[in-house]
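Single-structure report; data block below.
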Amino acid sequence: MIHVGCSGWSYDEWEGVFYPEHTSNKLSFYSLVFNTVEVDSTFYRIPPRNVVRRWSKAMYGRRFIFSVKVPGDITHDAIFTEEDRACTIFRTFEQNFLLDLSDAGFLGPVLFQMPPRFGVDHIDRLAALIRCANVKRPAVEVRNGTLYENHEFREAMEGLGAAVVDVDSTERRLNKIESGLRWAYVRLHGRNSGGWKAENPFDYRYTDEEIREIASKIKSVNYDDIFVYFNNHPHGSAPVNAMTLSRMIGVSNNAFF
4 MIHVGCSGWS
14 YDEWEGVFYP
24 EHTSNKLSFY
34 SLVFNTVEVD
44 STFYRIPPRN
54 VVRRWSKAMY
64 GRRFIFSVKV
74 PGDITHDAIF
84 TEEDRACTIF
94 RTFEQNFLLD
104 LSDAGFLGPV
114 LFQMPPRFGV
124 DHIDRLAALI
134 RCANVKRPAV
144 EVRNGTLYEN
154 HEFREAMEGL
164 GAAVVDVDST
174 ERRLNKIESG
184 LRWAYVRLHG
194 RNSGGWKAEN
204 PFDYRYTDEE
214 IREIASKIKS
224 VNYDDIFVYF
234 NNHPHGSAPV
244 NAMTLSRMIG
254 VSNNAFF
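Each residue of the sequence shown is one higher than the one before, counting from 4 in my numbering.
See the structure below:
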């Protein structure tokens, strides 16, 4: 199954572009259009436990998947200095959030978004963290050129059941969707120049022709599940592009398609 959505949903600037003006329950509206979302807020903090109950209420009667980003305290800090602490923080994240979301039937992949400084010397640390995490579908995004076409890194991750995220971004184009597993994970950040340190690498709207090229790559592979997320959130570009891609690949979403 192909799952198409956005990285996050709670953006006021999407009102008038995607959401009607003054939409009070953005998640409920979002889930009428898309069948999945990538939770970005967990990168900054572990949500209180009542959040899952609130989300579940908004999702009542709908088939929906939340992919969840691992806290930055783990991927951008502890993994480099204190491996045991990284594991401890993840266990807290799991107990206080992931398990509740899983029990509610909405948990999808768990995303480890690694920073540019994460390179070949840190692969063993990430492998240890993934073994500690022991989640069903871990996905790993790297932003270091030494790992982009590193087959040993891919084999190490897939040996642990972790998908290496296929990326379209400021630094590289989505040339193909490749996974040694039965599922794949794709993130579309936009094509602005300047690298990850640019003022806003995500302020980009894909043209229909660019989305058509991406759609052809998605349709050319056959996995049990493909998760595709647009992270070009400024000015409502992500939902606009996600709706276009959904139409092009024939994804029948929850209400509007």
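Where is the CB? At the ideal position from N, CA and C, for every residue including glycine.
- Cβ-Cβ separation between N234 and S10: approximately 4 Å, consistent with a contact (criterion under 8 Å).
- Bounds of the alpha helix (DSSP H) holding H154 are H154 to G162.
- In this structure, the straight-line span from the alpha carbon of I5 to that of Y232 is close to 11 Å.
- Restricting attention to alpha helix (DSSP H) runs no shorter than 4 residues, the segment 105 to 190 encloses them at 126 to 136, 148 to 151 and 154 to 162, ordered along the chain.
- Residue state for F96 is assigned as helix, using DSSP reduced to three classes.
- Rounded to whole angstroms, the separation of the alpha carbons of G122 and G64 is 43 Å.
- Burial state of D211 is exposed, judged by a 10 Å Cβ sphere holding fewer than 16 other Cβ atoms.
- The residues V143 and V167, in chain order, have a CB closer than 7 Å to that of M160 in the same chain once the five nearest residues on each side in sequence are set aside.
- Two segments are said to touch when three or more pairs of C-beta atoms, one from each, lie closer than 8 Å; by this definition the segment 63 to 77 touches the segment 40 to 53.
- Shortest Cα-Cα distance from A241 to any of R190, E86, K179 and L102 involves R190.
- Annotation note: the segment 48 to 83 contains the following uninterrupted alpha helix (DSSP H) runs of length 4 or greater, listed N- to C-terminal: 53 to 61.
- For E212, the uninterrupted alpha helix (DSSP H) run begins and ends at D211 to K222, by DSSP.
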